[in-house]
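Just so you know, the protein sequences line up as chains A and B, in that order. When we follow the working numbering, the leftmost residue of the first sequence carries the number 1084, and every step to the right adds one. When we follow the working numbering, the leftmost residue of the second sequence carries the number 146, and every step to the right adds one. What follows is one structure encoded as structure tokens, with my remarks underneath.
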Amino acid sequence: AQSVTQPDIHITVSEGASLELRCNYSYGATPYLFWYVQSPGQGLQLLLKYFSGDTLVQGIKGFEAEFKRSQSSFNLRKPSVHWSDAAEYFCAVSMDSNYQLIWGAGTKLIIKP
Amino acid sequence: GAVVSQHPSRVICKSGTSVKIECRSLDFQATTMFWYRQFPKQSLMLMATSNEGSKATYEQGVEKDKFLINHASLTLSTLTVTSAHPEDSSFYICSAPALDGQETQYFGPGTRLLVL
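In structure tokens form, the structure reads like this:
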């Protein structure tokens, strides 16, 4: 069955440090890939997505993600985190054209001052 | 950008009562909307797909008689939790596809339901 794995339940980084959140998926074909952020009291916001083409995609708020087909991964990165980046991050994939998303369990990002 | 709203943002009700949650696409039409449930510290669980002009499609294990979905127009879908019980307390989120050909969805801010 298709699945999305975010192996880190929570990650703590210092403000200004670099960040990488891991996401792996299980599927035979290349899906559409997404990263969403959920801040306390706010709705899910799309950070970036991979549809096709360049495997390094840029998103909002300084985030980027790289699709690696050989590793079935779509890891999210940011060179320098800010305290406002503290939130829950979800990786999701869509396998076909019906817009149904398969979600990872989420990674909670904690920022140390 | 496209906006999806939900109302109410928070509701507290007594056990046995019914609660209606509205999901609206504010500046675009949505023939399809999705309803999710999110438990504390867990990911989103797709409950059902709401289809304008036809019956909703429920995911396995979701009681359609308990979670009534009505897609009344191209901009409104409602989820009614009937005869609510404390175990129905959760965070309910709706989404609507952007129809951008890239499977993007826009999410509502969610509704926190607490059943006493």
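All C-beta atoms, glycine included, are put in the ideal place defined by N, C-alpha and C. On a predicted model such as this, the values are computed, not experimentally measured, just so you know.
Excluding five sequence positions before and after A/Leu1127, the CB atoms of its chain that fall closer than 6 Å to its own CB belong to Tyr1119, Gln1121, given in chain order. Per DSSP, A/Ile1143 is not a residue of any beta strand (DSSP E), being assigned neither H nor E. Chain B has no Cβ within less than 9 Å of the Cβ of A/Trp1118. Taking the Cβ atoms as the reference, A/Tyr1110 lies roughly 10 Å from A/Ser1177, outside the contact range of under 8 Å. Contact annotation for A/Ser1177 against chain B: Glu248 [CB-CB distance below 7 Å, chain order].
Using beta-carbon distances, B/Pro254 counts as an interface residue toward chain A, with a partner under 9 Å. Note on geometry: alpha-carbon atoms of A/Asp1091 and A/Pro1123 lie some 19 Å from one another.
Chain A places a beta carbon closer than 9 Å to that of B/Pro242, counting this residue as a contact. Within 10 angstroms of the beta-carbon of B/His216 lie 16 or more other beta-carbons, which makes it buried.
DSSP places B/Gln187 outside both helix and strand once states are collapsed to three, so it counts as coil.
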